[in-house]
Amino acid sequence: MAKGAKHARAAHSPVAGKHARAAAVPPPEHDGKPVWRFGQMDFGGPFSWAQADIETLAKVFKKLGNFETMTWSEIAIEGKKSHHSISLEACSTDAQNRANELNLAVDQVFSFRLEGKVRVFGIRDRWICSLLWYDPEHAVCPSTLKHT
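So the sequence shown is numbered by the working numbering: it starts at 7 and just counts up by one.
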C-alpha cells in the first residue's frame with residue numbers, strides 16, 4: 007500500500023440481529039392502484055392489439071393512465087358494471103378458443119369499458135393487470151339486452 011493512502015472507516019460496526027425492512031407493504035387487493043403489464047398483450051387472433059391504429063392506442067393508453075390515479079375499489083365504483091371481472095365461461099366462443107390457444111391458466115379476465123363498445127381486457131392479479139385483448143366491437147363478452 008502506498009504511503010499516505012486513506013482507508014474508509016465505518017463510524018460504527020453493524021449490530022448483529024438487525025435486518026433491513028421492506029420499503030413498503032404491498033397494498034391489499036382493493037386498495038392498490040393498478041399497475042400495467044404488457045408481456046401478455048395478444049397481437050394475433052380476433053382481439054389483437056395490432057388492429058388498433060396509433061391514434062386509438064393513444065386514447066386507450068391515456069384512459070389506462072387515468073385509471074392509475076384510482077384504486078381498484080374506485081375503479082369498480084366509477085365503472086359500476088362497466089369495469090368488472092368476467093368468467094371465461096361467460097365469454098364468447100372466439101374468446102374461449104383464443105384463451106386456449108394462448109394457454110391461459112386463468113378462470114376470468116377483467117374488462118375495462120373505455121367508451122361505447124370499446125373494451126380492453128386484462129388478467130388481474132391483485133393490483134397488477136396484464137393487458138391481454140383490445141376489443142373495439144364488444145365481442146369478447148357481448149351483452150344481451152333484455153326485451154329485444
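C-beta: ideal position from N, C-alpha, C; glycine also.
At which residues does the beta strand (DSSP E) containing residue i begin and terminate?
i	result
Q114	114-121
R160	What the structure shows of the chain is the stretch from 7 to 154, and residue 160 is not part of that stretch, so it cannot be assessed.
H90	90-93
Would you mind sorting residue i into buried or exposed? The rule is 16 or more other CB atoms within 10 Å of its CB.
i	result
L63	exposed
I129	buried
V115	buried
I81	buried
H153	Residue placement at H153 is flagged as unreliable, the pLDDT there being 48, under the threshold of 50; the coordinate-derived value follows with that caveat. So H153 counts as exposed.
P148	exposed
F73	buried
T150	exposed
A105	buried
E143	exposed
Taking 8 Å as the cut-off, decide whether the C-beta atoms of residue i and residue j are in contact.
i	j	result
V146	A101	yes
L138	M47	yes
F53	D141	yes
R43	S136	yes
H89	R132	no
D37	T75	no
V41	V126	no
On the DSSP bridge assignment, give the partners of residue i in chain order.
i	result
V126	F118, Y140
C135	W42, R130
I need the boundaries of the alpha helix (DSSP H) containing residue i, first residue and last residue.
i	result
N109	Element bounds for N109: n/a, residue is neither H nor E.
A196	Any property of residue 196 remains undetermined from this structure, which presents the chain solely from 7 to 154.
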